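Positions 426 to 1012 (my numbering) are the ones given, in order, by the first sequence.
Cβ coordinates follow ideal geometry from the N, Cα and C atoms, glycine included.
This structure is a prediction, so every number in the text was calculated from the model and none was measured.
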Amino acid sequence: MNQKKKRASYVFNSLYDQIELLVSGEFGDANPEVRRPPKESGAQFAVPCFRYAKVKKETPVMLAEKIAERWNSGLKAGGLITRFEPAGGYINVFADQRMLLEEIFKDINALGEDYGTYRQKEETIVVDYCSPNIAKPLTVGHLRSTIIGQALINILKARGYEVVGINFLSDWGTQFGKLLYAFNQWGDENLFEKDPIGHLVDLYVRFHAELDVNPSLEDEARDCFKRLEQGGEEERALWLRFRKASLADFEETVARLGVCFDYNWYESDFEKKAHELIDRLLDEGIAERSQGAVIITTSDDDNPPLVAKKSDGTTLYASRDLASAIERIEKFKPVTKLLYVVATEQNLHFVNLAKALERLGFPGICQHIRFGMVSLPSGKISTREGRVVYLDDLLDEAERRAEEIVKEKNPDMPEDKRAQVARRVGIGAVIYADLSQDRIKDITFDWSKMLAFDGNSAPYLQYAAVRCAKILEKAEPEEQNPMKVLKEEDIPATVDKMTEPETIDLLLHLGRFPQAVSEAAQRYAPHVVAGYLYELATLLSRFYTQVPVLKASDENTRLARLALVHSTGLVLRKGLAILGIRVPVEM
RNA sequence: GCGCCCGUAGCUCAGACGGACAGAGCAUCGGAUUUCUAAUCCGACGGCCGUGGGUUCGAGUCCCUCCGGGCGCGCCA
């Protein structure tokens, strides 16, 4: 039933472990360096000897030669490792290619759709992502948190963690007083009914415009929020309507990205808990009074502390976030990490949050997964100043441009099918444009960059996957799932038929998928998966142009290649799914 | 002023934990289609890795200086 149990470890992982064990045994190095050698070497892994040479007072070249010779003499016949070869201070490790290829095939064959995933760990990671303010639509600014967060969730799940995704909505604070005031002044029920969020944005913009000529509106807004805080029924009813409409709007938009939150949590629900927490921390001496406010010191030097309570006695975002962190730890235990996928501009907040949690007895649990800012060519995004690109508009444009291209490339495709293809290609392009680069980089929003359809882009990967599917579709019915036809004992004969370099390179790369997943999880870096998939698609394209599948010279070769194509399609689809990108049936 | 981040080819980016000649895409130029979808493939062009020092057998990668850009800096979220 659970096929994962059948195999202990992926072949590249066990090869790596074998080498690591050998090196640590030889040099007593607890964390030995095992790396990927240059392609031309033909080796699978390499061990640099330089640092050991220094300790042993030998030249690296001599040491590598000596160790390689010793290791070679200790090799048993029939093992995965066939020889060690000294090369300028490195020891290159060669594996039995046949055996390696067979093992990769066996791994894929045994796990199918689960290939690349790992067994369940007893650890939970909580991921905070998207987390917008209510009463404003999602902009391209929220795009990054949402898709990076979702990709990380998928990656960590694949790596075996229990993962909980939380959308933490900001629905509390003085800004909502502004909105309450504005709605009472200028609100229009009909307009709100028709387009709730659009109307709220208009009111928000109008409030700030009026504020310029009438500064006393600030006080009006504060009063409105005070009444909300004190449980004023009218205010509360209106605020709940804003919130409900906002959530509906958000969920509709993120659904287009294939995102669905495990939980929607509201900041306002932590107002009371924050008060209780602060009282406790005051008792314990972790929090202290300062200039009328309550603070938690988070640094030895003069970095600002975490302000937990204002001098008027009310809580702030920081303390509500802290209370929510405690709640996450208790509700989902055993929690090993709280990840916050939030832009780098909030760095200070998370430094403080992490330090506060450390003082509360949770060192290292809070990790800010920060990413660079998105700005527009005209400057920083600002809803108030109308300098904004809404996420829905971006996705609409993505689909529109994709549809144009489908029409051009594939004019005979019926319209309903074309729309589906355009959706997947357009949205995929947007997601991939972001996830294919390191999160930390700032992005200046650019339509043509976001919506690249060739080169290193989602459509390139999708196209590769579609080609795989199409070949299989044209095969005989009994060949369509070659892995089903293929018994474990047939695998050696199948691998026998894989002789071209394009074929071997492709299969070898398939074997590295589990490592890509693992590295991406360890580094919280979706772009590692993206980079892996791009290379895979490149290898597939090369194979595709060089090696005929359906017209292979003999039946066994044909079946072997079909199995390879099937496996490649599987991994492409799986990897893209991890990034949150779907593959269309045709393109 | 203090703190955090970024700076690699004309443009957009990979090169995590120091290691074998710095790799892609786009753009430009040239080639490939009687063959499973050319949204493809092959080739060419293109780099004092911002600057100057330091550590090291070895630095795009680590430390310091400076330059350029972004962000933040007690009672906003």
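CB contact flag (residue i, residue j, <8 angstroms)
i     : j    : result
Y586  : K546 : yes
P1009 : V850 : yes
L636  : L642 : yes
L860  : I580 : no
L964  : A890 : no
G1000 : F938 : yes
I444  : V518 : yes
V760  : T549 : yes
S466  : A512 : yes
M1012 : N881 : no
S992  : L933 : no
V942  : R584 : yes
L440  : A520 : yes
Y543  : I533 : no
K780  : T723 : yes
R812  : H633 : no
L594  : I559 : yes
N497  : C555 : no
E645  : L653 : no
G612  : C649 : no
K832  : A858 : no
I492  : E458 : no
V920  : R523 : yes
L663  : F608 : yes
F968  : T928 : yes
S570  : I622 : no
R848  : E824 : yes
A455  : E510 : no
D687  : G590 : yes
Contact belief for residue i with residue j at Cβ below 8 angstroms, rounded distance in angstroms
i    : j    : result
L876 : A844 : Contact flag wrong, Cβ pair sits at about 17 angstroms.
G514 : P557 : So it is not a contact: roughly 53 angstroms between Cβ atoms.
Q940 : F437 : 6 angstroms
I856 : L682 : 7 angstroms
A900 : L975 : 6 angstroms
P951 : L577 : 7 angstroms
F870 : L801 : 5 angstroms
A750 : A733 : Going by Cβ atoms, the distance from A750 to A733 rounds to 13 angstroms, so no, they are not a contact pair.
H793 : N777 : With 8 angstroms as the limit, H793 and N777 do not qualify as a contact, their Cβ atoms being about 10 angstroms apart.
M798 : D863 : Wrong, their Cβ atoms sit about 14 angstroms apart, outside the cutoff.
A883 : K922 : No, A883 and K922 are not in contact; Cβ-Cβ is about 32 angstroms, not under 8 angstroms.
L785 : C791 : At roughly 10 angstroms, the Cβ-Cβ gap does not stay under 8 angstroms, so L785 and C791 are not in contact.
Identity of the residues DSSP links to residue i by a beta bridge
i    : result
V799 : I868
L447 : Per DSSP, none; premise fails for L447.
T549 : E587 and V760
Y815 : T564
P473 : Y515
T740 : K734
L932 : In the DSSP output, where bridge partners are listed per residue, L932 has none listed.
P592 : The amino acid occupying residue 592 in the given sequence is Asn; Pro does not appear at that position. Partner(s): N689.
V767 : R795
R460 : A471
S807 : R812
Contact test: residue i Cβ vs the ligand GTP heavy atom, cutoff 7 angstroms
i    : result
P511 : Absence of the ligand GTP from the depicted structure is noted, as is the absence of any ligand whatsoever, leaving it without description.
Exercise. For the segment 740–758 against the segment 687–702, are there 3 or more C-beta pairs whose distance is under 8 angstroms?
Worked result: yes
For this session: Could you name each continuous alpha helix (DSSP H) segment of 4 residues or more that falls completely within the segment 671–720, going from the start of the chain to the end?
Result: 696–709
For this session: Would you be able to state if there are at least three C-beta pairs under 8 angstroms between the segment 553–563 and the segment 810–818?
Result: yes
Problem set entry | In chain order, each beta strand (DSSP E) run of at least 3 residues that lies wholly inside the segment 940–977 | none
Exercise. Is the number of C-beta pairs between the segment 712–721 and the segment 761–776 that are closer than 8 angstroms three or more?
Worked result: no
For this session: Specify whether the segment 686–696 and the segment 583–598 touch according to this definition: at least 3 beta carbon pairs, one from each stretch, less than 8 angstroms apart.
Result: yes
Exercise. Between the segment 501–508 and the segment 959–977, do at least 3 Cβ pairs fall closer than 8 angstroms?
Worked result: no
For this session: Jot down the residue ranges of each uninterrupted alpha helix (DSSP H) in the segment 491–572, minimum 4 residues, whole runs only, in chain order.
Result: 522–536
For this session: Decide if the segment 524–535 is in contact with the segment 476–493; the criterion is three or more beta carbon pairs, one per stretch, under 8 angstroms apart.
Result: no
Exercise. Fully enclosed by the segment 771–800, which beta strand (DSSP E) runs are 3 residues long or longer?
Worked result: 791–796
For this session: Only counting runs of 4 or more residues, tell me where the alpha helix (DSSP H) segments fall wholly within the segment 603–635, in order along the chain.
Result: 614–619
For this session: Answer yes if the segment 979–992 comes into contact with the segment 901–909, meaning at least three C-beta pairs across the two stretches below 8 angstroms, and no otherwise.
Result: yes
Problem set entry | Inside the segment 815–895 only - alpha helix (DSSP H) runs reaching at least 4 residues | 816–834, 840–860 and 872–875
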